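Residue numbers for the sequence shown follow the numbering used here, beginning at 70 and rising by one.
We put the CB at the ideal spot given by N, CA and C, even for glycine.
Please read all numbers here as calculations on a predicted model, not as lab measurements.
The structure appears below as C-alpha cells.
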Amino acid sequence: MDRTQEKAPAAPGASSHTPATALLQLHLWPHRSLPKVGFAWFIGTTALLLLVSITPALGTPVLWGLLPFVLGALWLTYFLLNKSYRDGEILEELTLWPDLIRLSHAAPKKPLQSWEENPHWVKVELHEKGSRVPAYITLTGKGRTVEIGAFLSEDERRALFSELNRLLPLRTV
C-alpha cells in the first residue's frame, strides 16, 4: 500500500492504548497526482496560453468580449484544482491494540468521526458488487458499520483488506 504507514509494536510493559503500544497503526490519505509546485506551474502556463490566444484581439473591441470568458476559464481552473486539494485533505487513522480497534476519520470542514470496538467482535467485509466503489471495505461492530479507505485505489483496498484479514482472521467475510 503506497499511502499507508505501519508502526511496529512497542516494548512490553508500556501503558496500554497509546500509539506506541499498538499492534498496528495505519494512516490512510488520498493520492496527490499534482504537487503544489506543479499546481503553480499549471496555473501559470494556463494563464500564459490564454493570454497568447487573445493577443490578436489586443486593441480591438473583440478583446472586451473575450476577456470575461478567458478570465472566467482561468478562475474556474484555479478554483476547481484548489477544491480538489482541499477535498484531498482526508486522513483516516486505524489503530489496533489486542483489546481495542479505533478508526478515526478527519475531513476538512467536518467534525472528527471516531469508532471504537473490541477487535474480537469486529467483522471485516469486502463488498465486491453493489457498492460505491469496487472492493469496498467496511468494519462492523456494536451494531454500527463504518467504511475504511474508500478513497484508495482498488488494489490498495484489496491489500488493506488482506492486512485486516491477517490481523482479524476470525471475523472476516
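Check, Outcome
"Compare the Cα-Cα distances from L169 to each of L195, E185, I123 and report the closest residue.", "E185"
"Specify, as a first and last residue, the run of the alpha helix (DSSP H) that L150 falls within.", "131 to 156"
"Can you tell which of L118, E197, L136 has the C-alpha that lies nearest to the C-alpha of A126?", "L136"
"Return the CA-CA distance between L237 and E197, expressed in angstroms with no decimal places.", "19 Å"
"Distance check for T115 and S122, CA to CA, integer angstroms please.", "11 Å"
"Rounded to whole angstroms, what's the CA-CA distance from E194 to A89? Just pull it up for me.", "27 Å"
"Bridge partners of T214, per DSSP?", "T209"
"On the three-state DSSP scale, how would you describe T241?", "Low confidence applies here, because T241 scores a pLDDT of 47, under 50, leaving its location unreliable and the question unanswered by this model."
"Apart from the five residues on each side of it in sequence, which residues of its chain come closer than 6 Å, Cβ to Cβ, to G210?", "E186, W190, V191"
"Any idea if F138 is buried or exposed, counting beta-carbon neighbours within 10 angstroms, 16 or more meaning buried?", "exposed"
"Going by beta carbon distance, what residues of the same chain come within less than 6 Å of K76, once the five residues before and after it are set aside?", "Unreliable positioning characterises K76 in this predicted model, as indicated by a pLDDT of 47, which lies under 50. The coordinate reading is nonetheless provided below. Q94, listed in sequence order."
"Just the Cα atoms here: how many angstroms apart are T207 and Y147?", "35 Å"
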